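Engineer: In this note's numbering, the protein residues as written are 361 to 539. For every residue, glycine included, the Cβ atom is placed at its ideal position computed from N, Cα and C. Treat the numbers as computed from the prediction; the structure is a model and nothing was measured. Input: one structure, supplied below.
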């Protein structure tokens, strides 16, 4: 049986689920600016609204700044028609699909459990890479050979963001609204 999402208020936003709110806590812990459900995109059979837009985060290289995110529960089963639909809606804009809460993603985000680069399409799983020198975040292939910062060229980038992710997982929200 499918669990119902619990609408949750955090930081002035009314999130459709606690899972999305936990991602917002994670971004706040890192000082990453985000917009929740910033805009809707027309698709053949309706509209698609990405969960987040991270305006200062890059996808691989600094020339691609601004990434849309779609958050799904860990138990979400890959759905090719859905992914094709949201990819078409993204129209080439960077869009990643991230399964699980932040801790699941940063601790187990390698291999087949990583995020999916939906647009532009790619077959490699994605991880988050944090630069401790300039406090920037990027999404990168999980191959491990791209661990540099495209903003400041630091070679000290890390993919371990467990402290912020643990805080996000443990956060207790004061205002959850039953669906």
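Note down, one range per segment and in chain order, each beta strand (DSSP E) of at least 3 residues found wholly within the segment 491–531.
Structural biologist: Correct list: 496–501.
Engineer: Counting Cβ pairs closer than 8 Å, one from the segment 437–453 and one from the segment 370–383, do we hit at least three?
Structural biologist: Flag = no, the segment 437–453 and the segment 370–383 do not touch.
Engineer: Note the first and the last residue of the continuous beta strand (DSSP E) segment covering residue 370.
Structural biologist: From DSSP, the beta strand (DSSP E) with residue 370 extends over 367–370.
Engineer: Mind checking residue 434: buried by the 16 CB within 10 Å criterion, or exposed?
Structural biologist: Counting Cβ neighbours within 10 Å, residue 434 comes out exposed, since fewer than 16 surround it.
Engineer: Which stretch, first to last residue, makes up the beta strand (DSSP E) that contains residue 408?
Structural biologist: Looking at the DSSP string, the run of the beta strand (DSSP E) that includes residue 408 is 406–408.
Engineer: Compute the beta-carbon to beta-carbon distance between residue 525 and residue 412, rounded to the nearest angstrom, for a pair I have assumed lies under 8 Å.
Structural biologist: Contact doesn't hold; Cβ gap of about 15 Å is too wide.
Engineer: Give the list of continuous beta strand (DSSP E) stretches no shorter than 3 residues that lie fully inside the segment 373–397.
Structural biologist: Listed in chain order, the complete beta strand (DSSP E) runs (minimum 3 residues) inside the segment 373–397 are 373–375.
Engineer: Let me make sure I understand the geometry here. Which of 464, 466 and 486 has the alpha-carbon closest to that of residue 457?
Structural biologist: Comparing Cα-Cα distances from residue 457 to each of 464, 466 and 486, the minimum goes to 486.
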